[in-house]
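Take the sequence shown: its letters are residues 19 to 1155, numbered as in the numbering used here.
Note that the Cβ used here is the ideal one computed from N, Cα and C, for glycine as well.
Since this is a predicted model, take the numbers as computed values, not measurements.
So the structure is just underneath, and the comments pick up after that.
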Amino acid sequence: MRFLLNKPFFSIILRIMFLLPYIFNLSSMFAFAEQTPPTTSLFGNNTEAEALLKWKASLDNQSQSHLSSWAGISPCINWNGITCDNSGSVTNLSLADFGLRGTLYDFNFSSFPNLFILDIQNNSLSGTIPHEIGKLKSLFAISLAQNNLTGTIPSSIGNLTNLSILFLFGNKLSGFIPQEIGLLESLNELDLSINVLTGRIPYSIGNLKRLLALHLLQNQLSGPIPSSIGNMTMLTDVSLYQNNLTGAIPSSVGNLRNLSILYLWGNRLSGSIPQEIGLLDSLNALGLASNALTGGIPYSIGNLRNLNSLKLSLNQLSGPIPSSIGNMTMLTILSLDQNNLSGFIPSSIVNLRNLSNLYLSYNKLCGFIPNEIGLLGSLNELDLSSNVLTGGIPNSFGNMTMLTTLVLSKNNLSGRVPLEIGQLRSLVDLRLIENKLHGPLPLQMNNLTHLNTLSLAVNQFTGQLPLELFEGGVLVNFSASYNYFSGSIPKSLKNCTSLYRVRLDWNQFTGNVSEVLGVYPHLDYIDLSYNHFYGELSLKWGGYRDMTSLKISNNNISGEIPPELGKATRLHLIDLSSNQLEGTIPRELGGLKLLYKLTLNDNHLSGAIPSDIKMLSNLETLDLASNNLSGLIPKQLGKCSNLLLLNLSGNNFTESIPLEIGFLRSLQDLDLSCNFLTREIPRQLGQLQKLETLNVSHNMLSGLIPSTFNDMLSLTTVDISSNKLQGPIPDIKAFHNASFEALRDNMGICGKASGLKPCNLPESSKTVKRKRNKLVILIVLSLLGSFLLVFAVIGALFILFKRARKRKAEPENEQDRNIFSILGHDGKKLYENIVEATEEFNSNYCIGEGGYGTVYKAVMPAEQVVAVKKLHRSQTDNLPDFKAFEKEVCVLANIRHRNIVKMYGFCSHAKHSFLVYEFIERGSLRKIITSEEQAIEFDWIKRLNVVKGVAGALSYLHHSCCPPIIHRDITSNNILLDLEYEAHVSDFGTSRLLMPDSSNWTSFAGTFGYTAPELAYTMKVTEKCDVYSFGVVTMEVMIGRHPGDLISTLLSPDSSSSSSMPPIAQHTLLKDVLDQRISLPRIGAANGVVHMMKIAIACLHPNPQSRPTMEKISLELTTKWPTLPKAFCTVILGDLF
C-alpha cells in the first residue's frame, strides 16, 4: 500500500487553492480601498520592499538571478511572485518552484502585516522556521512544503489564528507537534507529513473542529491516537500511516461521519477494530494494514456501503470473514491477506461486482473456492495462495475475462486445470505451485499470450506442454519442476527473449537441448536437471552474461563443454553431472571468479584438469568423479582455499597425491579413490584438521600411513582399501571403527581395527612378556582353588539378593527403558553404540555445551554421523511421567522443516540420558561469527539467507505446529550451519521436553542476553519471547558480535517512551555499526541488510504485543527487498525506526 503524491499537479492545485480566497475577496478589498484613503503610495510600501530585498540578498547567487525582477522601490510593480492590495501592501508572496536556495533567517516577518498567502513550496530552503513567523497575524494560507527545513515547528504558529491552510510536508522537521497547534481553530487543512516528527499527536488537535484534512503520515510519531480526534466532525481525510502509533483505534472515530479516507496502516496499532467503524457511512477508503490488530473483522463493517478500498492485510486478525462484507457493493479493492482468518470464503462475496483486486492469501481459509467468485467479472487480481483450500479450480473462473493475476499456490487443490482458464486472455501472472493438481494442461492455455509468470511446480501434471503456450513471447519466469511432464519443450519458448528464470527439473522432458532454448540476454537461473534431454551444449551459453546458475544434470547431454561458457562471468553454480559429456575441461572456466560449485561428475571427460582451476578462489565444491580424466592431480588445486568438497574419484590420475592438497584447510570431504595414484600419502594431509571423510581406496599407494594422521580428530569416515600400504594405522577413532572392507587388500597394515592383526612387538619384548605370562598363570592357578569355594557361596547369596531387589524395584524402574523405538531401532543396542562411539562421552568428541547438556559428535557403526546431547544429571533426575514424555518426544521427532535440526529420539539410562539429533557440519552460528577467518567467508548474502532460514523455522514452529511450539532459547549458539550455509535451528523444545510441568516452564527460559525483557516480571513464556530473541540474533549476524550495548542504547526505557530519538540513532551511520571484517554490502545485499536491521529493531520492541509475528517476518523476508531511498553509506540508525 503506498501513498503517491503527484508533486507538480499538487503544486498547481495548491496555488489555485491559495488564490481562490484571494480572488473571492478582491471585490471587498477594492471596496475597502475606495472608502479608505491609502496610507501609502500605490507604488508600494518601502518597508516591505526593503525587507524583501534584504531577504533576496541572503539567498545564493542563482536564487537571486531567479528574482531579478525584484528591483526598484515598489514590490507591487512587476516583481515576480508578489501581489499587493489596493493600498500597495503585499498580500501574496507566491514563490513555489522558483529554485530558491537559502534560509528564512533574514526574512523580516513583522514587515508584512497584511500578508494573506505565503507560498514558498518546492524550493531548497534550509535551516529552521523562525519563531517570528507568528507575527503574520493576517495569514490565511502558508506552504513551506517540499524544502529542506529542519528543527522544530515553532510554538508561535499558534498565533496565526486566521490560518486556514498549513502545509509543512516534505521537509526534515523534527521534535514534537506543538500543543499550540490546537489554537488554530480556523484551520481547514493541516499537512505535516513526510518529516521526522516524533512524540505524540497532541490532544489539543481535537480543537480543530473546522479541519477537513489531517495528514501526519510518514513521520516517527508514537503513542496512541488521541480520543479527541472524535471532536473533529468535519474531517473528510485522515492519513496517519507509516508512523509508530500504538494502542487501540479509539472508538470516538465513529463520530467522524463525514470521513471519506482513513489511512492508519504501517503503525503498531493493537487491539480489535472498533465496531463504531461501521458508522462511517461516507467512507471511501479504509487502510489499517501492517499493524498488530487482533480479534475478528467486525460485522458492522458491512455498513460501509460507499467504501471503494478495504485493506486490512498484515495484521493478526482471526475468525471468519463476515458475510456482511457482501453489502459493500462499491468495493474495488479488498485486501485481507497475511492474517489468521479461518473458515470458508463467504458466498456473499458474489455481490462485490465492482471488485478489481481480491487478496486473501496467507490465512487459514478452508473448504472449496466458491463458484460465485467466477461472477466477479471486473476482477483484475485474485490471490488465494497459502491457505488450506481444497477441491478443484472452479470452471466459473473463465468468466473473469479481465483477470491479469491469478495466484492459487500452496493449497490442497486437486483435479485438472479447467478448460475455461483459456478464456482469461488478459492473464499476466498464473501461479499454481504446491497443490495436488494433475492431468495434462488444457490446450486452451495457448490463448494466454500475455503470460509473464507461469508457475506450475510441485503438482502432479502429466503430458506435454501446449505447443503454443509461449507464443506471446513475453514470459519472464517459468517453473514446472517436480511434475511428470513429458515430450519436448515448445519451440515458442525461443521467442521469450525476456526470460529471467526457468525451472523444468524433475520431469520427463525430452528433446535436443541445443534446439530447446533461444537467446535470453537477461537469463539468471536455469535448471533442466533430471529429464531426458540430449544433444550438445550450444556455444550461445556464453552469451548469457547475467546467468548465475546453470543446472542440466542427469540428462543425456553429449559433446564437449563449450569454452564460451567461461564468458558467463556471473556464474555461481555449474552442474552438468550425470550426462555423456566428453572432451577436456575448458581452461576458460578458470575465469569464472564467482563460481562456488562446479559439478561435472559421471561423464566421459578426458585429459588433464586445467591449471587455471587455481583462479577459482571462491570454489567450495569440485566434483569431477567418474570421468576419464588423466595425468597428474594439479598442485594448483591447493590455491582453492575455500574448498569443502573435492571428489576426483573414478578417473585415471597417476603418480603421487600433491602435497598442496594439505593446504586446503577448510576441506571436509576428500575422495581420490579408484585412480592409479602411487608413492606415499603426503604427510601434509594430516594438516586437514576439518576433514571428516577420506577415501583413497583402489589406488597403488605405498609406504606407511603418515603419523600426522593421528591429529585428524575430526575424521569420521575413512577408506584406504586396495592399496600397497603397510605399517600401523593411525591411533584415532576413524581408523579404529573402520570396517574391514575399508582397510582390506593392503601390503601389511596392522592395528586396533576389525579384521587387522595387532602390530608386532620387538622380539626382546616378546620373551619378557612370555616369561611374565607363565608366572602369572602359576599364581592364578594356586589361588584359584583357594577362592573357588568362597566365590561360589558369595555368588549364590548375591543372586538371591539381586532377584529379591529386582522384584521390589520393577515398578519404580519402568521409566528407565529407552525410547529409541520411535526410530524402529533397538534402544539398548543404540545406547551401547553411542556410548562406544563417544568413548564414554570423552571430551575429545565434545562439540558444544549448553544449559541443559553437552553435545558430542558420534559416528555410528553404519557410518551415520549424529549429534548426541548428553543431559546434565540435574535435568534427568526428575523426568516426568514416562508415557507422556515419550509421546512428546514422538511429536517433536516428527517435526520436519528444512531449517530445523531433525530429532531422532531420546535414550534414558541410569548412567546416561541423552537426545539424538541430526549432525550439522559447520557447527554453530556463534562459532562462525567469532572466528576471524570464518567470519570473512561469511558474506552478506550468506548472512541474509541464514536469517531468512531461522525466520522460516520459527514461523513453522509457531504457526504450523499444532499445538504451537515455543523454542525458548534462540541464540547464535543454537543455530547450526551446514556446508551450504543453510541455517538449522537446534535445541527447539528441549526445555519443554525436560520440564513441561515444572516451575521452569513459567519462570525463566533462555540464555542471558537473548531473553525478552518481559520475562523478568510476567514470568510467562510466549511466542513473542522467541521473536525478541530472533531480533537479537539477527542484529548479531549483521554487526558480527552480540549487540547487547547497542540494544541497551537504542531501546533504553527512556528512548522507547520518549519522543526524542537517542543521539546514537541520529548521528551514527549504519555502515559503521555493521561487521567491519567484511566489505560493505553491494546494492542488492544493501537493501536486504537495511530491511533486516529494521525487522530486528521491530522484534526488540519493549511491548511484546507490538512485535511482529514470525509468520509475518518470514513472509517479509521471502519477498523482494525494498529499494533504499538513499545511498547505503548515508543510512543512519535512525532510519531503521
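Own chain residues within Cβ distance below 8 Å of residue i, not counting five before or after
i       : result
Met250  : Ile223, Gly224, Leu226, Lys227, Leu229, Leu232 and Leu274
Lys824  : Confidence is the limiting factor: at Lys824 the pLDDT is only 42, short of 50, which leaves the residue's position unreliable, though a coordinate-based value still follows. Same-chain partners within the cutoff: there are none.
Asn24   : Low confidence applies to Asn24: its pLDDT is 38, below 50, so where it sits in the model is not reliable enough to give any reading.
Thr1148 : Leu1087
Lys382  : Asn358, Leu359, Ser360, Asn405 and Val406
Counted within 10 angstroms of its Cβ, other Cβ atoms place residue i as buried (16 or more) or exposed
i       : result
Arg286  : buried
Arg961  : buried
Val406  : exposed
Ser658  : According to the sequence displayed, residue 658 carries Cys and not Ser. With 16 or more Cβ atoms within 10 Å of its Cβ, Cys658 is classed as buried.
Gly106  : buried
Gly99   : buried
Ile983  : buried
Ser1097 : exposed
Thr1052 : buried
Tyr849  : buried
Lys615  : buried
Thr1137 : exposed
Gln686  : buried
Arg1100 : exposed
Arg940  : buried
Glu533  : exposed
His622  : exposed
Lys428  : buried
Lys155  : exposed
Tyr281  : buried
Pro1140 : exposed
DSSP beta-bridge partners of residue i
i      : result
Ala521 : The sequence as given places Arg at residue 521; Ala does not occur at that position. Paired residue(s): Ser497 and Asp545.
Ile351 : Ser327 and Asn375
Glu578 : Glu600
Lys190 : Partner(s): none; Lys190 has no beta bridge.
His622 : Glu600
Tyr935 : Ala885 and Met921
Asp630 : Beta-bridge pairing links Asp630 to no other residue.
Val425 : Asp401 and Arg449
Cutoff 6 Å; reference residue i; Cβ partners in own chain excluding five residues on either side
i       : result
Leu703  : Gly680
Phe185  : Ser161, Ala163 and Asp209
Leu1176 : The shown model of the chain, from 19 to 1155, leaves out residue 1176, and the question about it has no answer.
Gln197  : Pro220 and Ser222
Lys632  : Gln654 and Lys657
Ser269  : Pro292 and Glu294
Thr347  : Asn369
Thr989  : Thr1025 and Tyr1028
Integer-rounded CB distance, given that residue j should sit under 8 Å from residue i
i       : j       : result
Leu943  : Met1128 : Between Met1128 and Leu943 the Cβ distance is about 17 Å, and since that is not below 8 Å, they are no contact.
Asn495  : Thr471  : 4 Å
Leu1167 : Val446  : Residue coverage of the chain in this structure runs from 19 to 1155, which leaves residue 1167 outside it and unanswerable.
Ala1114 : Gly1049 : 5 Å
Ala643  : Ser667  : 5 Å
Arg443  : Thr422  : Rounded, the Cβ-Cβ distance is 10 Å, inconsistent with contact.
Ile367  : Ile343  : 7 Å
Gln441  : Gly416  : 4 Å
Pro412  : Ile439  : No, Pro412 and Ile439 are not in contact; Cβ-Cβ is about 10 Å, not under 8 Å.
Cβ neighbours of residue i in the same chain (closer than 7 Å, five flanking residues each side left out)
i       : result
Ala752  : Leu733, Thr734, Thr735 and Val736
Ala310  : Arg286, Leu287, Ser288, Asn333, Gln334, Gln1123 and Ser1124
Ala1103 : Trp958, Ile959 and Leu962
Could I get the ranges of all uninterrupted alpha helix (DSSP H) runs contained in the segment 80-105, with 4 residues as the minimum, in chain order?
none
Considering only residues of the segment 368-423, which uninterrupted beta strand (DSSP E) runs meet the minimum length of 3 residues and lie entirely inside it, listed in chain order?
375-377, 382-386, 399-401 and 406-408
Contiguous beta strand (DSSP E) assignments of at least 3 residues, all confined to the segment 979-1009:
993-995 and 1001-1003
Please specify which runs of the beta strand (DSSP E), each continuous and at least 3 residues long, are wholly inside the segment 178-238, giving them in chain order.
183-185, 207-209 and 231-233
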